[in-house]
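The sequence shown begins at 39 in this note's numbering and counts up by one.
What follows is a single structure, written as structure tokens, with notes after it.
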Amino acid sequence: MQIAEFIPGRLYGGTQIDGEGWRRLAQLGVTAILNVREREEDVPGSYPYPLAVYQFPLENKSSPPLQELVQAVETVVSWLAEGRIVYVHDVAGKNRLGFLLTAILMRLYRLPWRTALEKAREQRPVLAPRSQFQLILERYERFLQIRGQY
């Protein structure tokens, strides 16, 4: 399992969680997970913290409605405001993860989507949202009323 830190001590992102990954998340104090995989999260009964899980089953080649993205991002924003430590993941930690982390950084820092993606790539260079996700990020940028800096 690969984990990158996007907001120090608060927001992490990466790949699918395995047995060792659950131990690592517990060490980091993760108390909330945004799962972007199609399969539901299988939380081990031995996980030491109460865990909030938001399931956003996003297919790699899908194009979700903007409102579904807004709901997922606002869930993460509220978790962070509550003081939770959040882990966002898909399977490989590239396409869908890049899409969601870009949107989260856009919302938190009021960044245009390309700038937010560049910021996310500083921590995980392999992030690469597919073109259909980039179109949704453009719509999300307009929704947030962020002026693009291109």
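Every residue gets a Cβ at the ideal spot worked out from N, C-alpha and C, and that includes glycine.
Note that the structure is a prediction, hence the values are computed from the model and not measured.
Shown here, residue 57 sits in a helix according to DSSP, grouped into three states. Residue 125 is bridged by DSSP to 50, 71. Listed as beta-bridge partners of residue 91 by DSSP are 71. Ranking 115, 70, 91, 87 by CA distance to the CA of residue 77 puts 91 first. For residue 50, the closest alpha carbon among the candidates 140, 96, 183 is that of 140.
Apart from the 5 residues on each side of it in sequence, residue 112 has no Cβ closer than 7 angstroms to any other Cβ in its chain. Only exposed fits residue 119, as fewer than 16 other CB atoms lie within 10 angstroms of its CB.
Per the Cβ contact rule, the region 130–140 is in contact with the region 164–174 (3 or more Cβ pairs under 8 angstroms).
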